[in-house]
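First up is the structure itself, then whatever we jot down about it.
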Amino acid sequence: MGIKLYYTTVTASRTVKSQQAEVIRILESKSIQYELIDISVGGELRDEMRSKAGDPSAVPPQLFNEDQYCGNYEMFSEAVEADTVEQFLKMA
């Protein structure tokens, strides 16, 4: 599978919850298959996400195509507005 969405099931932040839900909704509406990776199950997954993103303070949601970093929620949202989601996800 190509697209990986790093997210968390444990957060007190409504913003993170709503951003994750929106990313999932948009991916599903475009019939884009993706893998969910829950960073709340272990610190090593959070560290892996941050390392791959090149940002030691990165928070979910973060999107990757395999191990290639695509971007965070704000970048994804801009791609949705510009109708360039497939290019953003490095699928085109």
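Residue numbering for the sequence shown follows our numbering, starting at -17 and increasing by one per position.
C-beta atoms are modelled at their ideal positions from N, C-alpha and C, and glycine is treated no differently.
From a predicted model like this one, the values you see are computed outputs, not experimental measurements.
Straight-line gap, ARG28 to GLU10 (C-alpha atoms, nearest Å): Taking the first residue of the sequence shown as position 1, residue 28 is located at position 46. Taking the first residue of the sequence shown as position 1, residue 10 is located at position 28. Near 24 Å, if we compare the C-alpha coordinates of GLU10 and ARG28.
For ARG(-4) and GLU26, the rounded distance between their alpha carbons: By one-based count along the sequence shown, residue 26 stands at place 44. By one-based count along the sequence shown, residue -4 stands at place 14. Distance between the alpha carbons of GLU26 and ARG(-4): 24 Å.
Distance between GLU63 and MET73 (C-alpha atoms, nearest Å): Counted from its first residue, the sequence shown places residue 73 at position 91. Counted from its first residue, the sequence shown places residue 63 at position 81. Rounded to whole angstroms, MET73 to GLU63 spans 17 Å at the Cα level.
Extent of the continuous beta strand (DSSP E) run through GLY53: By 1-based counting over the sequence shown, the position of residue 53 is 71. Per DSSP, GLY53 belongs to the beta strand (DSSP E) from 50 to 54.
Per-residue burial, ALA(-6) [other beta carbons within 10 Å of its own, 16 or more giving buried]: Taking the sequence shown and counting its residues from 1, one reaches residue -6 at position 12. Exposed: under 16 other Cβ atoms inside 10 Å.
Among PRO42, PHE46 and ASP49, the one whose alpha carbon lies nearest that of ALA3: The sequence position of residue 3 within the sequence shown is 21, counting from 1. It is PRO42.
Residue range of the unbroken alpha helix (DSSP H) whose run includes GLN15: Taking the sequence shown and counting its residues from 1, the one referred to as residue 15 is at position 33. From DSSP, GLN15 is part of no alpha helix (DSSP H); its letter is neither H nor E.
For THR(-9) and ASP20, believed in contact at Cβ under 8 Å, the rounded distance: Taking the first residue of the sequence shown as 1, we reach residue 20 at position 38. Taking the first residue of the sequence shown as 1, we reach residue -9 at position 9. About 5 Å; that satisfies the 8 Å criterion.
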